[in-house]
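A.B. asks:
Number of protein chains: 2
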Amino acid sequence: MDADLRTLRERLAEVSDLHRAMGVLGWDQRVTMPPLGTPARAEALATLGRIAHERFVDDELGRLLERLRPLEESLPYDSDEASLIRVTRRDWEKARKVPAELRAEMTRAAAQGHQVWVEARARSDFAAFLPTLERNLELRRRYVECFEWEDSPYTPLLDDYEPFMTTTEVAEVFGVIRPALAELVREAPRVEAGFLRGRFAPELQRAFAERVLATFGFTEGAWRLDTTAHPFCTSFSNRDVRLTTRYHETGLESLWSTLHEAGHGLYAHGIADSLQRTPLAGAPSLGLNESQSRTWENLVGRSRAFWTCWYEPLRETFPEQLGDVALDAFVAAINRAEPGLIRVEADETTYSLHIILRFELERRLIEGTLAPRDLPEAWNAGMRELLGVEVPDDAHGVLQDVHWSAGSFGYFPTYALGNVISLQLWAAVREAIPDVEEQMAAGELHELSAWLRDNLYALGRKLTPKETIERLTGTAGIDPGPYLAYLRDKLAALPAGA
Amino acid sequence: MDADLRTLRERLAEVSDLHRAMGVLGWDQRVTMPPLGTPARAEALATLGRIAHERFVDDELGRLLERLRPLEESLPYDSDEASLIRVTRRDWEKARKVPAELRAEMTRAAAQGHQVWVEARARSDFAAFLPTLERNLELRRRYVECFEWEDSPYTPLLDDYEPFMTTTEVAEVFGVIRPALAELVREAPRVEAGFLRGRFAPELQRAFAERVLATFGFTEGAWRLDTTAHPFCTSFSNRDVRLTTRYHETGLESLWSTLHEAGHGLYAHGIADSLQRTPLAGAPSLGLNESQSRTWENLVGRSRAFWTCWYEPLRETFPEQLGDVALDAFVAAINRAEPGLIRVEADETTYSLHIILRFELERRLIEGTLAPRDLPEAWNAGMRELLGVEVPDDAHGVLQDVHWSAGSFGYFPTYALGNVISLQLWAAVREAIPDVEEQMAAGELHELSAWLRDNLYALGRKLTPKETIERLTGTAGIDPGPYLAYLRDKLAALPAGA
C-alpha cells in the first residue's frame, strides 16, 4: 500500500510539474514574450497539455486509486492521504469521461474563437461573432453529454469551476441577492469621486502598491509583481507566486486590481507544503479563490480601517490630486455604487448584478430556451432591468467579455459567489480576531493573513467548497445574508447626496 | 515512407517542445524567478528533462529511423529530410549509449558540485573542491566508457560540444596558436585605457546598446534584452530570442558582452523555419556558435569601421568620460592585449591562452596523467608560462570557472575554436561583401547580417561543423592562419607605448 501511495504521488508530481511548466510558459507569454513568439508558444503549451492529460487519465492511475481505497477508508477524511486519493479519483473519473478528440476540438475552437471575438468586438459586430458562439455552444452540449446531471445541463459546466454546486443552488442564491442588489443600486446616493480620475504617475502607483503588499504577509523572495495588459495571478509553487497588474495614468483603480490579485496570490502562497505537487495544491473552487481576492481587495482594501492607516501615505504620494480630499470623502468615493455598462469597471455593489445577468443568459443558452441570435436583445433588456442603463452597442454590451468566445460557460457565477462567500468567511475572521479592524487601522495585517493561511489556504483542495465553508463558519453552503448586510451597511454609511 | 516521416517529425516536435519549455523555465529562473522558487523549478526541469529523454531514446524512434534509411539515401545529402534523418540517427545512437542511471548521477553530481564550488571559491579552498572534482572525473570516465574512441578518452567528451572533432585535432590547432599568441602577448604594446574604467550609468549603457542592437538585423517583436547576473542567450524558436546582459557601473564591458550574446541570438534567429521543432534547429557545434558571438562582439564590435559610425553617439552618451578621448585612442584601448588572471575578463588576444591552459589540464585529468590534487600547481605553472602572471590564490586561479564543478569537461576548447573559426568565416564574408568595412563605417549591418543568416545560420545542424566551414570557405577543417594574421595586424596597428 505504501508503495502504491508512493507511486501515486510520483505520477501526480510529474503531472503537477507539467502543469507548473505550462504556468511558467503562460506567465511568460503574457508578461515578457516577444509578440512573434506566439505560434511556437502555442505549440509548446499544446504538447505539454497533451502529455499532462495522457499521463493523468492513464489506466494505471485508476488501478492505483482502486488499490488505495482501503487505505483511504482507514484514514481520517481530511488527512492529506485520504484527501489525495479521494480528490484525485474524482478528478480522474471526470477527466476520463471526455473523449480526447472532443477536448482537442474545444481547445481549437477556443483559440479560433478568441481571434474572432477580438475582431467582432472591435467592430461591435455581433453577427460576426454568432457562428463562434453557436459552435462553442454545440461543443458544450456534446461535453455535457459526457456527464450525468439532474437539474440542468448547465450543472456539469458549472462543476468545472464550482465543483459539487448545482445550477439550482446558484439560482437560489442569485434569487435572493438579485432584487436586494437592484434595490440597493437604485437607492444608492451619488458620491463625488472626480478626484479619483486625476493623473497618477504609474511609478508612484507601483511604489505605493509595493509598500502595501509588503504588509500582506508574503514571504520575501517567494513572489513578484509585474505589469501586463490583463492583470492575473499565477503560481508555480507556494514559493513562486506571480502577481501582475496594469497601471492607468488617469486613475487609481490599479491599486485595487493589485490587491485583488494579491488575494489570489496569498491563497496560492498559503497552500500547505505537504500538498505541493499534488492535485490538492489549489483552491476548492473558483468561488472560494475569488472570495479571497475580494477579501483583500474589498473587505481589507476598501475598508475605512485600512485607509485609516494608509490614506496619509497615499496622500503624501499624490499631494496634488488628494491634498484637499479628506479620508471620509476618499472612503466614500471608493465605496460608491454607480451603475455602468462594463463588468470589469463595475463597483462592488453593482458587480454581482453584471454576473447575475450573464448567469441567467448563459443558462438559457445551454438549456436551449434562448437562441444565440436573440442574445443581444436579451442582454440589453437585462441591463435595463437590473442596472437601469441603456446599452449603446454590442461592444459595450454582449461582446464585452472574453469568456463565451472561449466556450467558458459556467465560469461567471463564481465571481458573484466569491463576493458572497467572502462575507461568510469574514464573519469567521471577526470572531477569531475580534480586533481585526483595529489591527488594520494600525497597518497590521499579519494576524489576519496568518489566520486565513492556517484555516483556509493551507487546506488546498482537501475538502469540497461546502465542507471548507462549513469548517470555517459552521454553516454548510452559501448564505447571502452577510454579503447583503455588508453592502447595506456600507451604502448606508455613505454621505447622502453630493 | 511519407507516413513514417510525418510520425518522425511529430515525435521530434514533441521532444523539441519539451526542450523549448525547459528553455523558458531556465530563462525565467535566471532572469525573473523569485529566489525561493528554486526547489520547485528544479523538480519541474528534472521532470521535463526525463520525459524529453525517454521520448527521444524510445525504441520506436529507432525503428522509424531505420525504415527511413531508403528515403534518406534517395534525397540530396543537404536536403532538410535527409539531414533530419541522418542527424537524428546520430543523436539517437549517442543518447541510447548512456544508461539512464549514469545520466541521472551526472545531473545530480553537477547540481551538488555547483554548490560546493560556490563555497570553495568564496573561501579559495581547493581542498574543499577536490572531492567534487574527483567525483565528476570518475563519472566522466564511466561516461567515456559508453563510447568508442581512438586517440584519447577526452574525445567522446569533446564530441558533446564539438561533434566529430578529435582531441588530436584540437591539440594540433592549439599547437599552432599557443606559441604565436604567447609571443604576441609578450610583445604587445601597453595602451592607455583608464578612461574605460569611469562611471557609466547603466540606463545610458542600456539605451546605447539597444540603439546598436536595432541595427543588427533582428526582426522586431522576435527578441528581447534583459538583465541577469551571468549573461547568456537562449531562444524558444527563431522568433523568440532572449538576450541577457549585466551592466557594470564602472566600465563599458557590458556593451561587448551584449554584442556577444547578440551574435548567439542572431544565429538562433536565422535558423530556417523549416528546421524549427527538429533536432536540426541549432548550431552544428559550440565552436561554430561561438564563432558568431565573437564575430559580432569582436570582428564587428571592436573594429575601427564600426566605431567610425558609433563612436560619436557613444561620446555624446558619455561626454564626461569620453569627451577628451579621440576615436583612435578608444579603438586602441578596446583592442589592447593585457595579460590577466581571469578568463572572463580577458581581452581578445589573451583569451585563447586561458582556454589552451584549461584544455591541456582537463585532457591530462581525463587521460589520467595529472592527479586532481596536483591541479592548482599545474594551473599556476601554466599561467606563468603562457601569460607571465603569478596566481595569488585558487579563487583567482583554478577555482575561477564553473565548468568543472558541473563536470563539463571538453567544453572549454570550443571558446578558442570559435575565435579561430570566426576569422575563417570572416574571410568568406569579405569575399562576398567586399565593401563590408565601408558598410560598417556607415552603420549599415543588414547585408552582413542577412548574408550570415542565409549562408550559415539558416543551415542549422544539417551539416557537420567541418562541412559547414567548408561550404562557406572552401576549406575543410579548422585553419588558425586567418585568426593569427588578424591578431598580428590588430596589435601592429596599436600605438607603440602609452
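Line by line, the protein sequences are chains A and B. Count along the first sequence from 1, add 8, and you get the number used in my numbering. Count along the second sequence from 1, add 8, and you get the number used in my numbering. Where is the CB? At the ideal position from N, CA and C, for every residue including glycine.
With C-beta atoms as the reference, is Leu453 (chain B) less than 8 Å away from Thr223 (chain B)?
C.D. replies: Contact flag set, yes.
A.B. asks: Here's a check: name, in chain order, each residue in its chain whose Cβ is nearer than 6 Å to the Cβ of Pro239 (chain A), leaving out the five neighbours to either side.
C.D. replies: Closer than 6 Å at Cβ, skipping near neighbours: Thr252, Thr253, Arg254, Ser265, Glu269.
A.B. asks: State the beta-bridge partners of Val249 (chain A) as determined by DSSP.
C.D. replies: In the DSSP output, where bridge partners are listed per residue, Val249 (chain A) has A:Trp231, A:Ser243.
A.B. asks: Output yes or no for whether 8 Å exceeds the beta carbon distance between Arg302 (chain A) and Asn463 (chain A).
C.D. replies: Their beta carbons are not under 8 Å apart, which means Arg302 (chain A) does not touch Asn463 (chain A) by this criterion.
A.B. asks: Once the 5 residues before and after Ala21 (chain B) are set aside, which same chain residues still bring their CB inside 6 Å of it?
C.D. replies: Arg285.
A.B. asks: Under 8 Å by Cβ, that's how I've got Arg58 (chain B) and Leu33 (chain B) pegged, so tell me the actual separation to the nearest angstrom.
C.D. replies: Not quite, the Cβ-Cβ distance comes to about 14 Å (not below 8 Å), so this is no contact.
A.B. asks: Assuming Arg28 (chain B) contacts Pro42 (chain A) (C-beta within less than 8 Å), just tell me the rounded distance between them.
C.D. replies: Not a contact, Cβ separation roughly 14 Å.
A.B. asks: According to the Cβ coordinates, are Glu89 (chain A) and Leu147 (chain A) closer than 8 Å?
C.D. replies: For Glu89 (chain A) and Leu147 (chain A), no; Cβs fall outside 8 Å.
A.B. asks: Does Ala230 (chain B) have its Cβ less than 8 Å from a Cβ in chain A?
C.D. replies: Output row for Ala230 (chain B): interface = yes.
A.B. asks: Using a Cβ-Cβ cutoff of 8 Å, what residues of the segment 243 to 256 of chain B are near chain A? List them in chain order.
C.D. replies: Correct list: Phe244, Ser245, Arg247, Asp248, Val249.
A.B. asks: Can you name the residues of chain A whose CB is closer than 8 Å to the CB of Gly592 (chain B)?
C.D. replies: No answer is possible for residue 592 (chain B): it lies beyond the span of chain B, which begins at 9 and ends at 506.
A.B. asks: Give, in chain order, every residue of the segment 52 to 67 of chain A whose Cβ lies closer than 7 Å to some Cβ of chain B.
C.D. replies: Taking 7 Å as the Cβ-Cβ cut-off against chain B, the residues of the segment 52 to 67 of chain A that qualify are Ala52, Thr55, Leu56, Ile59.
A.B. asks: Let me make sure I understand the geometry here. Which of B:Val152, B:Leu73, B:Ala345 has the alpha-carbon closest to that of Pro107 (chain B)?
C.D. replies: The residue with the shortest Cα to Cα distance from Pro107 (chain B) is B:Val152.
A.B. asks: Pick from B:Arg344, B:Asp497, B:Phe244: whose alpha carbon is nearest that of Met30 (chain B)?
C.D. replies: For Met30 (chain B), the nearest C-alpha among the options comes from B:Phe244.
A.B. asks: For Gly331 (chain A), does the count of other Cβ atoms within 10 angstroms reach 16, so buried, or fall short, so exposed?
C.D. replies: It counts as exposed.
A.B. asks: Kindly indicate which residue of A:Tyr491, A:Leu492, A:Ile477 has the alpha-carbon position closest to the one of Leu485 (chain A).
C.D. replies: The identity of residue 485 (chain A) in the sequence shown is Gly, whereas the question assumes Leu. Gly485 (chain A) has its Cα closest to that of A:Ile477, out of A:Tyr491, A:Leu492, A:Ile477.
A.B. asks: Check whether the Cβ of Glu22 (chain A) lies closer than 8 Å to any Cβ atom in chain B.
C.D. replies: Yes - at least one Cβ of chain B is within 8 Å of the one on Glu22 (chain A).
A.B. asks: Would you mind sorting Arg205 (chain A) into buried or exposed? The rule is 16 or more other CB atoms within 10 Å of its CB.
C.D. replies: With fewer than 16 other Cβ atoms within 10 Å, it is exposed.
A.B. asks: Taking a cut of 9 Å between CB atoms, which residues from the segment 181 to 208 of chain A lie near chain B?
C.D. replies: Hits within the stretch: zero.
A.B. asks: Note down the Cα distance separating Glu180 (chain B) from Glu305 (chain B), rounded to an integer number of angstroms.
C.D. replies: Using only the alpha carbons, I get a separation of about 26 Å.
A.B. asks: I'd like to confirm something about Pro139 (chain A): is its beta-carbon nearer than 7 Å to some heavy atom of the ligand FMN, or not?
C.D. replies: You won't find the ligand FMN in this model; it holds no ligand whatsoever.
A.B. asks: Determine the closest residue to Glu113 (chain A) out of A:Ala135, A:Asn144, A:Ser91, with distance taken between C-alpha atoms.
C.D. replies: Closest option to Glu113 (chain A), Cα to Cα, is A:Asn144.
A.B. asks: Span of the alpha helix (DSSP H) holding Ile429 (chain B)?
C.D. replies: Residues 421 to 440.
A.B. asks: Quick one, which of B:Glu211, B:Tyr419, B:Leu395, B:Ala11 has its alpha-carbon nearest Ala354 (chain B)'s?
C.D. replies: Checking every option, the nearest Cα to that of Ala354 (chain B) belongs to B:Leu395.
A.B. asks: Kindly indicate the opening and closing residues of the alpha helix (DSSP H) around Asn343 (chain A).
C.D. replies: Note, Asn343 (chain A): premise wrong, no alpha helix (DSSP H); not H, not E.
A.B. asks: List the residues of chain B whose Cβ lies closer than 9 Å to the Cβ of Ala48 (chain A), in chain order.
C.D. replies: Simply Asp25, Arg28, Phe244, Ser245, Asn246, Arg247, Asp248, Gln284, Arg285.
A.B. asks: Between Met448 (chain B) and chain A, is the shortest Cβ-Cβ distance under 8 Å, so that the two count as touching?
C.D. replies: Cβ-Cβ to chain A under 8 Å: no for Met448 (chain B).
A.B. asks: Please classify Glu170 (chain B): is it buried, with 16 or more other beta-carbons within 10 angstroms of its beta-carbon, or exposed?
C.D. replies: By the 10 Å Cβ count, Glu170 (chain B) comes out buried.
A.B. asks: Can you pull out the residues from the segment 123 to 143 of chain B whose beta carbon lies closer than 9 Å to at least one beta carbon of chain A?
C.D. replies: The segment 123 to 143 of chain B vs chain A, Cβ under 9 Å: nothing.
A.B. asks: Say whether chain A places a C-beta atom closer than 8 Å to the C-beta of Thr227 (chain B).
C.D. replies: At least one chain A Cβ lies under 8 Å of Thr227 (chain B).
A.B. asks: Distance, Cα to Cα, Ala506 (chain B) vs Ala341 (chain B)?
C.D. replies: With a pLDDT of 45 at Ala506 (chain B), under the threshold of 50, the predicted position of this residue should be treated as unreliable, and no value is reported.
A.B. asks: Which of the three DSSP states is assigned to Thr377 (chain B) in this structure?
C.D. replies: Of the three classes helix, strand and coil, the one that applies to Thr377 (chain B) here is coil, per DSSP.
A.B. asks: Relative to the alpha-carbon of Leu296 (chain B), which residue among B:Leu480, B:Arg372, B:Arg371 has its alpha-carbon at the smallest distance?
C.D. replies: The shortest C-alpha separation from Leu296 (chain B) is found at B:Leu480.
A.B. asks: I'd like to know whether the C-beta atoms of Leu192 (chain A) and Thr357 (chain A) end up nearer to each other than 8 Å.
C.D. replies: Their beta carbons are under 8 Å apart, which means Leu192 (chain A) touches Thr357 (chain A) by this criterion.
A.B. asks: Check whether the segment 183 to 199 of chain A and the segment 486 to 493 of chain A are in contact - that is, three or more C-beta pairs closer than 8 Å.
C.D. replies: Short answer: they touch.
A.B. asks: Judging by CA-CA distance, which residue of B:Pro421, B:Ala130, B:Arg38, B:Thr258 is the nearest neighbour of Leu407 (chain B)?
C.D. replies: When only C-alpha atoms are compared, the closest one is B:Ala130.
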